[in-house]
Every structure is written in C-alpha cells, then in structure tokens.
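Reviewing the structure listed below.
Here you go:
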C-alpha cells in the first residue's frame, strides 16, 4: 500500500510539473510570441499600405503622362491640318509666318523733317 501511494505521488508530481510547464508555455505565448506576431503583422500591413500608395501615385503619373501626350498629339494634328489648309489656300509655309505678323506701317514723318 505504501508503494501504491508512492507511485501515485510520483505520478501527481509529474502531472504537476507538466501543468506548470503548460502554464509557462501559455505565459510565453501571451507575453512574447503573440506580441511579436502582432508587431510583425503591423509592419507587413504598413508596408502593403505604402506600396499601395506608391502604386496609386504611379498610376496617376502614368495617366497624366498619357493625357499630356494625347494633348500634344492632338495639337500636332491640328497644326498639320492648319498647314494643309494654308497650303490649299496658296500660302507657303514661309509666307504663313509672314501672314501671322502684322504688316509694317510706314512711320509718320517727324515734324523736324517737314521744315
């Protein structure tokens, strides 16, 4: 009977050691592992948000560039169309520059010259 009680005592001691070991592991999880994982997930989320902001900025820049190029192309087409119309009207490209400039008006004689 003493032997049986001793065996039960040893079993309970081993069980108590395992329970305390479990508490220690749970404590480590709650105070070390989980906070580290939270910090890691926060870092990953911030990096993903930053990349998303960069991508939005990049897309805006690309759109601006496309719009700018499209406007330049449209202006070039308009200029080419105007050049063709000018050629059809008989204005040469060199004359067209002159046509845009106002014709020089003769200067009025100064009062000193009239005496």
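Residue numbers (the working numbering): 2 to 116. For glycine and all other residues, C-beta sits at the position ideal for the given N, C-alpha and C. Quick caveat: nothing in here was measured; it's all calculated off a predicted structure.
Query	Result
CA-CA distance, residue 4 and residue 13?	14 angstroms
Helix, strand or coil: which one does DSSP assign to residue 92?	coil
Considering just the uninterrupted stretch of the alpha helix (DSSP H) at residue 4, what are its terminal residues?	3 to 29
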